[in-house]
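**Student:**
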Amino acid sequence: MTTLTVFDEITGKGRGEPIVLEFLTDEITVRDLIRERVYQDVKDFNLAGQDVFQGLVQPTDSEQTSGGFRLKERRTIDWQPQFEKACEAFQENRILVLVDDRQTESLDERFLVGPQTEVTFLKLVPLVGG
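For the sequence shown, numbering that gives the first Met the number 0 assigns the number 0 to the initial residue and increments by one for each residue that follows.
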């Protein structure tokens, strides 16, 4: 089992708390990384019974708040649509994935996970009025 520490960073707001993910192998793709990250976000939310989802992408029927995304009605979230949205956001450059400060280029890009590997999910925020 290989562990990987990931961080969220939002332009202009800095870096969030570390998130630790586990993988069965030490070579993964960006798609594997996003899948595991989204799956863990959704699993944690569904188990905790929280009001605010603090995941990578906004769920359907929710509004953005300073602490995440508030669902209009309390419900469980399905991880697969969230995974599809996250992949789309990556492909449209709304979310950048940096592995050891190097920007990844495609969902199929492979990289090795070592003890010092650090991943940042950089969420780009559109400029107001631009």
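A virtual CB, placed ideally from N, CA and C, is assigned to each residue, including glycine.
#1: Which whole-angstrom value is the C-beta distance of residue 27 and residue 110, which I expect to be below 8 Å?
#2: Do residue 116 and residue 3 have their C-beta atoms within less than 8 Å of each other?
#3: Are residue 36 and residue 55 close, meaning C-beta to C-beta below 8 Å?
#4: Fully enclosed by the stretch 15-80, which beta strand (DSSP E) runs are 3 residues long or longer?
#5: Kindly indicate the opening and closing residues of the beta strand (DSSP E) around residue 1.
#6: So for residue 91, helix, strand or coil by DSSP?
#7: Give me, in chain order, the residues of the same chain whose beta-carbon lies closer than 6 Å to that of residue 71; leave out the 5 immediate sequence neighbours on both sides.
#8: Thinking C-alpha only, which one of 121, 68, 99 is nearest residue 91?
**Tutor:** In short:
#1: Here residue 27 refers to the residue found at position 28 of the sequence shown. Here residue 110 refers to the residue found at position 111 of the sequence shown. Correct: roughly 7 Å between the Cβ atoms.
#2: Start at 1 with the first residue of the sequence shown, and residue 116 comes out as number 117. Start at 1 with the first residue of the sequence shown, and residue 3 comes out as number 4. Taking 8 Å as the Cβ cut-off, residue 116 and residue 3 qualify as a contacting pair.
#3: Within the sequence shown, the letter at position 37 stands for residue 36. Within the sequence shown, the letter at position 56 stands for residue 55. In this structure, residue 55 lies closer than 8 Å to residue 36 by Cβ.
#4: The beta strand (DSSP E) runs lying completely inside the stretch 15-80 and spanning 3 residues or more are 18-22, 26-28, 61-64, 67-70, given in chain order.
#5: Reading the sequence shown from its first residue, position 2 is the one you call residue 1. 1-9 is the extent of the beta strand (DSSP E) around residue 1.
#6: Along the sequence shown, one-based indexing puts residue 91 at 92. Looking at residue 91 - three-state DSSP - the assignment turns out to be coil, as it is neither helix nor strand.
#7: Walking along the sequence shown from the start, residue 71 turns up at place 72. If we look at residue 71 and ignore the five residues flanking it on each side, its Cβ neighbours are 60.
#8: Sequence index remark: in the sequence shown, residue 91 carries index 92 (1-based). If we check each option's Cα against that of residue 91, 121 comes out closest.
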